[in-house]
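Residue numbers (my numbering), protein chains in the order written: chain A, 1224 to 1321; chain B, 1224 to 1321. Below is one structure, written out as structure tokens, with a few remarks after it.
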């Protein structure tokens, strides 16, 4: 398995390790999402000013408004964060080339 | 760094390792994309029937039609593949529980 394939598999497995904690095992409840963010994306969570950040992320991602996130609803969070991180990566590469 | 953070970093670094091969170092040319797909997503590429799959992927992803893919144009490919893989993951989990 290549690094890119392994990275995609990791995302799927991390999602499911939290989705299986309660409920139907295939979706994240708000509680699951909170636990995932706290444990897997602590830096992102700390950087957020808003106190009810989990609620607003849930609201943004929950396309079908069923108060649960399936994987397809979760992926845009990772995509968005990756895009933000990539901009930092490019800036840090520029600085290191100066 | 958590597994999820590392996976996002891997995606960024894999993208940039191919983007830096030629041109402006921040985008994938069609040649770069072909090399990336062949080396990093061989299974996906082999599974495609179409012979000019790289052209059609490039066309689908290249939102601003500049014949190059920046990271934001590349991420939907990974998001789409992850969603497809997740469906296989769920099916395989169901089978293993029977």
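Glycine residues also receive a C-beta, built at the ideal position from the N, C-alpha and C atoms. Model, not experiment: these values are computed from the prediction.
By a C-beta neighbour count over all protein chains shown, 10 Å radius and 16 as the cutoff for buried, is residue i buried or exposed?
| i | result |
| --- | --- |
| residue 1376 of chain A | The shown model of chain A, from 1224 to 1321, leaves out residue 1376 of chain A, and the question about it has no answer. |
| residue 1291 of chain A | buried |
| residue 1309 of chain B | buried |
| residue 1285 of chain B | buried |
| residue 1180 of chain A | The structure shown does not extend to residue 1180 of chain A, since chain A is modelled only from 1224 through 1321, so no value can be given for it. |
| residue 1230 of chain A | buried |
Identify the residues that DSSP records as bridge partners of residue i: which are they?
| i | result |
| --- | --- |
| residue 1251 of chain B | B:1292 |
Can you find the residues in the same chain that come closer than 6 Å, C-beta to C-beta, to residue i, ignoring five residues on each side of it along the sequence?
| i | result |
| --- | --- |
| residue 1293 of chain A | 1250 |
| residue 1244 of chain B | 1255 |
Spatial neighbours of residue i within its chain, please: CB distance less than 8 Å, with the 5 preceding and 5 following residues excluded, ordered by chain position.
| i | result |
| --- | --- |
| residue 1312 of chain B | none |
| residue 1232 of chain B | 1224 |
| residue 1237 of chain B | 1259, 1263 |
| residue 1277 of chain A | 1253, 1256, 1257, 1260 |
Should residue i be counted as a contact of the ligand GTP given a C-beta to heavy atom distance under 7 Å?
| i | result |
| --- | --- |
| residue 1308 of chain B | The ligand GTP is absent from the structure shown, which contains no ligands of any kind. |
Give every residue of the same chain whose Cβ lies closer than 7 Å to the Cβ of residue i, excluding the five residues on either side of it in the sequence, and list them in chain order.
| i | result |
| --- | --- |
| residue 1299 of chain B | 1284 |
| residue 1319 of chain B | none |
| residue 1296 of chain B | 1284, 1285, 1286 |
Can you list the residues of chain C that residue i reaches, using a CB-CB cut of under 8 Å?
| i | result |
| --- | --- |
| residue 1263 of chain B | In the structure shown, chain C cannot be found, because the protein chains are A and B. |
(request) Tell me, please, whether the stretch 1300 to 1310 of chain A touches the stretch 1260 to 1274 of chain B by the rule of three or more beta-carbon pairs shorter than 8 Å. (result) no
(message) Three Cβ pairs or more, each shorter than 8 Å: is that satisfied between the stretch 1242 to 1253 of chain A and the stretch 1277 to 1291 of chain A?
(response) yes
(request) Taking a Cβ distance cut-off of 7 Å, strictly less, list which residues of the stretch 1240 to 1254 of chain A are near chain B, in chain order. (result) 1249
(message) Beta carbons nearer than 8 Å to chain B: which residues of the stretch 1289 to 1311 of chain A have them?
(response) Within the stretch 1289 to 1311 of chain A, those residues whose Cβ lies closer than 8 Å to any Cβ of chain B are, in chain order, 1294, 1295, 1298, 1299, 1301, 1302, 1304, 1305, 1306, 1308, 1309.
(request) Scan the stretch 1265 to 1286 of chain B for residues whose Cβ lies nearer than 9 Å to a Cβ of chain A and list them as they occur along the chain. (result) Against chain A - using a Cβ distance shorter than 9 Å - the residues of the stretch 1265 to 1286 of chain B are 1265, 1266, 1267.
(message) Along the stretch 1225 to 1237 of chain A, where does the CB come closer than 9 Å to a CB of chain B? Name the residues.
(response) The stretch 1225 to 1237 of chain A vs chain B, Cβ under 9 Å: 1225, 1226, 1227, 1228, 1229, 1230, 1231, 1232, 1233, 1234, 1235, 1236, 1237.
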